[in-house]
Amino acid sequence: MKTETPSKIEKRYAREAKELNRLKKAMAKPSLVHGFWFLLVILTIIYIADEISSNVNTIMKPYMIFDLFRIPGADTTAPEYGKAVSVMAIATIPTYILTAINPLYRTLADRIGRKVFLFINTLGMGIGMLICMTAPNPYIFVVGMCLTGFFTPNDMQVIYLMETAPIKHRAKLCSITKGIGLLSVSLIGVFRSIFYDPNDLTTWRMVYLIPVLIAIVISVVAYIFTKETPVFLERRIGYLEKSDEEREAEAARGKSENGGLKEAFRYIIHTPQTRILAILVFVFSIAVAMSGYVTEVLLAGGHMSNEDMNLFYILEPIVYAVFAFFSGFLTDAMGRKNSGFLFGLLAIAGQCVFVFGSKAGIGPVALAIANGLMYGGLWSLSDLLFIVMPGESAPTRIRATVMSLISYAYISNLIVTMLVGVFYDRIGSARIGTFQLFFFVPFILITIVVLKLKVRETKDTDLASVGEED
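Using the working numbering, you'd call the opening residue of the sequence shown number 852 and step up by one each time.
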């Protein structure tokens, strides 16, 4: 413990006594299990807001570019489109500072709790989409896009659910809520068919309206009706009840309650499990970097009408969501490693069929199924690497911090994405699909092979005791 003056010690004791009393009252309230299904509904709607905000910018960005850059004929193969993408990529570079501080922001969840982050993250998604919707120029759109990009990766609803769900059903419940959230992505296609008029390019803005309202309203509902997770409450109360001598002893063993970034970083480096997971996140993120040019690949193929595009964007999320809904059942039954290997193979197969099928003009239904299965496998594998396995491999006191630091390995995705964006006018929409496969296939294969051979299975892990053996 650092040296404190008597007055500071007295103030700290008073502050901690007040916090301890508040947390004990919260713990004494009826268990979350009694209201678990109500909590599950709130978390599911938050997931809906999360998934819509994660996808709406990617889907609608080409139409925003057509409008704000005045691209003639709304043509992705036009030289003006390639230049516009490059301009946006360059404009986005300064905003990467938000990405750099995002994991640091998430570490606060280990200090002040999970509940407040449900509110802040969900409200932030809504505000980000609102900025995109009202952007007068592409640079303001980039600001809104980066703001949603800052809040959507945090997935505090997942940590919240992991710490409240029964151990044997943890992955199932996570996948059910995510599946429903992903199913809602099809609403973007529905909103697009209702609001977007190809003859009036400005109508892309209205696609954002309902998602913005959902995010803002559910953030307030979550703040009012949820309470802190039992796992966090027990850990924090246990810390506050310890004497200064006990805290000093724990700090000497590298298990300080306020160990924060330093302890979490040391845990990742010195624990083979989390060290390998961090490396896999880096490799996996390179593969993911090129998976977002769906609209460009479809339009460049020249076989899709506006009605076909609407059908694709309604059907694809349904396929993706159905797969995600059941992925947790596979993960609980097969284990994290075996299911991850299967998810990776499915992602590779789906991506290959989508890219080659777009060029061959196989139709919106087949393309939606292929890309939906690709996303199902890809993001189910992503959940294992970014959330489930790190969360099941780190102690409660630094769980969110460990997950945040591991996510820094996502920098590989940002670098590749930025470089491709800057040089998009040279790559061109006609070749972007082939370019996707160049990054996607080998790096996914490396990820799943190493996952299978080198990572320890985390199924049936008790989150209250993991990492606390000594």
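Virtual Cβ for every residue (Gly too), placed ideally from N, Cα, C. Please read all numbers here as calculations on a predicted model, not as lab measurements.
Cβ-Cβ distance between M1141 and A940 below 8 Å: no
In this structure, how does DSSP classify D1006 when only helix, strand and coil are distinguished? coil
What are the boundary residues of the alpha helix (DSSP H) that I897 is part of? 887-919
Rounded to a whole number of angstroms, what is the C-alpha to C-alpha distance between R1307 and K1188? 8 Å
Go through its chain and collect everything with a Cβ distance to S1037's Cβ below 6 Å, but skip five positions before and after it. I1165, P1168, I1169
Following the continuous alpha helix (DSSP H) through L1232, name the residue where it begins and the one where it ends. 1215-1234
DSSP-derived helix/strand/coil call for D1159: helix
Give me, in chain order, the residues of the same chain whose beta-carbon lies closer than 8 Å to that of F1116; leave out the 5 immediate sequence neighbours on both sides. L1256
Write down the C-beta distance between S904 and T985 rounded to the nearest angstrom, noting that I regard them as a contact closer than 8 Å. That belief does not hold up - the Cβ atoms of S904 and T985 are roughly 15 Å apart, past 8 Å.
Per DSSP, D1048 is paired with what? D1051
Which runs of the beta strand (DSSP E) at least 3 residues long sit entirely within the segment 1109-1140? Give them in chain order. none
How far does the alpha helix (DSSP H) with F1237 in it reach, from first residue to last? Taken as a continuous stretch (DSSP letters only), F1237 belongs to no alpha helix (DSSP H), as it is neither H nor E.
Looking at C-alpha atoms only, which residue of V936, G1186, F1083 is the closest neighbour of M915? V936
For D1276 and R1282, I'd like the C-alpha separation in whole angstroms. 11 Å
Counted within 10 angstroms of its Cβ, other Cβ atoms place E861 as buried (16 or more) or exposed: exposed
Is it a yes or a no for the segment 1243-1257 touching the segment 1174-1181, going by three-plus beta-carbon pairs under 8 Å? no
Taking 8 Å as the CB-CB cut-off, is P1081 touching chain B? Of the chains in the structure shown, none is chain B; there is only one protein chain.
Close-in-space but distant-in-sequence residues of the same chain around T1146 (CB under 6 Å, 5 per side omitted): P913
Mapping the DSSP letters down to three states, classify R1307 as helix, strand or coil. coil
Would you kindly work out how many angstroms separate the C-alpha atoms of V884 and L1084, rounded to a whole number? Because V884 carries a pLDDT of 47, less than 50, the predicted location of this residue cannot be relied on, and the following value inherits that uncertainty. Cα to Cα, the separation comes out at about 15 Å.
Does the beta-carbon of T1234 have 16 or more other beta-carbons within 10 angstroms, so that it is buried, or is it exposed? Reading off the sequence, residue 1234 comes out as Asp, not Thr. That one is buried.
Cβ-Cβ distance between I1067 and G977 below 8 Å: yes
Range covered by the alpha helix (DSSP H) that runs through S1209: 1187-1211
Whole-number beta carbon distance between I1295 and I1199, since they are thought to touch under 8 Å: 5 Å
May I ask you to report which of helix, strand or coil DSSP gives I971? helix
Close beta carbons around V1082, own chain, < 7 Å, minus the five adjacent residues each side: E1014, T1247, L1314, A1315
Are there 16 or more other CB atoms within 10 angstroms of the CB of Y990, so buried, or fewer, so exposed? exposed
If you check the beta carbons only, do V1041 and M980 fall under 8 Å apart? no
Give the range of the alpha helix (DSSP H) segment to which I1067 is assigned. 1060-1076
Go to P857, then tell me how far its alpha helix (DSSP H) extends in each direction, as first and last residue. 857-879
Pairwise C-alpha distance: V1273 and V1173: 35 Å
Give the straight-line distance between the Cα atoms of M852 and E1099, rounded to the nearest whole angstrom. For M852, the pLDDT reaches just 48, beneath the cut-off of 50, and the residue's location in the model is therefore unreliable, although a value from the coordinates is still provided. So the two alpha carbons sit approximately 6 Å from each other.
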